[in-house]
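Visitor: Residue numbers (the working numbering): 291 to 456.
Beta carbons are placed, not taken as given, at the ideal position from N, Cα and C, and that holds for glycine.
Here it is, the structure, as structure tokens.
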């Protein structure tokens, strides 16, 4: 997860807009987002303040391999979701309802998904890609089944293995 990209997306602005408000250049923001440069915590806090946001540093357990793989799939789902949200959201709502009936013990999780699916798109994206344990658990019961084609899933798995296998 890229902290500067997350900040910018949460603020709903472009790289150029974040650069202007944060007193830096668009190319610097792009370098932070691609990992070519690493911002200091002070820099990230200043960028956040420029958007009337506060930065909070917190710690949580490392992601398991399964958590990372699920996040990789959901990153691809988010790309598709951003291009044409209506049909993807409609499918996800239907899937959440169907899964809730099939798995009554997980009703609370599917109800949470139904709530998330009513959020504005960028808020939903933030929830889907959140690295915290709650979102990790939610991704394990994702209503986005069928969004990725078998070819897309295979490509993601190949890339995942390439990046995460020893």
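1. Quick check: the Cα distance between residue 416 and residue 332, rounded to an integer number of angstroms?
2. Do the CB positions of residue 359 and residue 422 come within less than 8 Å of each other?
3. Check for me: the alpha helix (DSSP H) holding residue 428 runs from which residue to which?
4. Here's the rule: buried if 16 or more other CB atoms are within 10 angstroms of the residue's CB, otherwise exposed. What is residue 403?
5. With three or more C-beta pairs closer than 8 Å as the rule, is the region 427-447 touching the region 375-387?
6. Less than 8 Å between C-beta atoms, sequence neighbours within five positions excluded: which residues of the same chain meet that for residue 411?
7. Using the Cβ count rule (16 or more neighbours within 10 Å means buried), how would you classify residue 453?
8. Let me confirm a value: residue 323 is counted as buried when at least 16 other C-beta atoms fall within 10 Å, else exposed. Which label applies?
9. Looking only at C-alpha atoms, which of 428, 313 and 446 sits nearest to residue 334?
10. Considering only the alpha carbon of each residue, which of 293, 442 and 455 lies closest to residue 245?
11. Determine the closest residue to residue 445 out of 363, 418, 401 and 308, with distance taken between C-alpha atoms.
12. The ligand SAM and residue 350: does any heavy atom of the ligand fall closer than 7 Å to the residue's C-beta?
Guide: So, from the listed chains and residues:
1. 23 Å
2. no
3. 423-429
4. buried
5. yes
6. 371, 372 and 375
7. exposed
8. buried
9. 313
10. The first residue shown for the chain is 291 and the last is 456, placing residue 245 beyond what the model contains.
11. 363
12. The ligand content of the structure shown is nil, which means the ligand SAM is not present either.
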